[in-house]
Structure formats: C-alpha cells, structure tokens
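Take 1 as the starting number for the sequence shown in UniProt numbering and just add one per residue.
Below is one structure, written out as structure tokens, with a few remarks after it.
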Amino acid sequence: GYTAPEYAIHGQLSEKVDTYSFGIVVLEIISGIKSSEMISDPGAEYLLKKAWKLYEEGTHLELVDETLDPSEYEGEHAKKLIEIALMCTQSSPTLRPTMSEIVVLLKSRGSQEHTQPTRPPFVETVERVHGDKSTSTSSSNATTSFSVVSAR
C-alpha cells in the first residue's frame, strides 16, 4: 500500500511518510498497476518488489505500462522517475529525500547527481505482511546521500 513501513509497523509519523507514499503513487502511474495487486507473471510479485527487482537487473523500463507506445515517452525520463520513486521508498525515513529535494530532482535535466537507491530490507517484510497478515520488523545500517545541483 501507500503507508510507509515505519508507520504501518511502529506507528511513527514524519514528513517522510508522505515521501514514501509519493514514491508508491509514481510507481503506480508509471506501471499502470495498483501497489496492492499481485503482478501476474512468473513468481507473482507486488509492485514495489517487482520495481526493485527490475531496477537491480537494469531492466526497470520493463516496469512502464505495456499499453504505452515506447515512441510516446522518453526512456531516460521514465528511468529517472523510477529511480526517484525508488529513492522515496528507502527503508529508513532518513534515507529518503524531502519533497523539496524531489521537486528539484524532477525539474533537473540530464543525469542526476545522487547516490542510487538501495533495496530496502522491508520489501520482503511488506510482502509477508500482505500475504500472512503478520507483522515483523527489519532494520538497516545502509546509508545514502545525494547532491542536488541547481542552476544559478
């Protein structure tokens, strides 16, 4: 769903909960798939897990809604949006960009000057929560940083 794991599991609210939700909505728009629906392909996966899998394989353009004609959008823009969405779904709120930083990233042209997102350990946890109706927690010591470069 749209709820950040720290809120769903621990009830912790922060401004980064909205960042997480924004990332999920962007993935839904790009893919044409609801985040709570299983993707009907071999190994049936939820949207977020599928997005991370494709990103790690370098095939994240396969996430784009297949009803769209590839000549109707620029692949590099789609990749950029997917990367931003994945940055928004980092495991820790401190690893996610602020909404102001996201706006700057969305407005920027060309390659982004940021550290690539890293797969959060909760992707597997979220799938178990949806499937088993149980809860569990995961933590990460991962760090990330990115620079936002703006024109003068």
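Just so it is clear, CB atoms sit at the ideal spot from N, CA and C, and this is done for glycine as well.
Listed in chain order, the non-local C-beta contacts of Ala85 below 6 Å within the same chain comprise Gly23, Val26, Leu27, local neighbours out to five positions each way being set aside. For Pro93, the secondary structure class from DSSP, reduced to helix, strand or coil, is helix.
Annotation: the continuous alpha helix (DSSP H) that includes Ile24 extends over 16-31. When Ile29, Leu81, Asp18 are compared, the shortest CA-CA separation from Leu105 is found for Leu81.
Between Met99 and Glu15, the C-beta spacing is below 9 Å. Spanning the alpha carbons of Ser108 and Thr89 requires a straight line of approximately 20 Å. Here Ile29 is exposed: its Cβ has fewer than 16 other Cβ atoms, across all protein chains shown, within 10 Å. Short of 6 Å from the beta carbon of Gly32, and not among the five residues preceding or following it, lie these beta carbons of its own chain, in chain order: Asp65.
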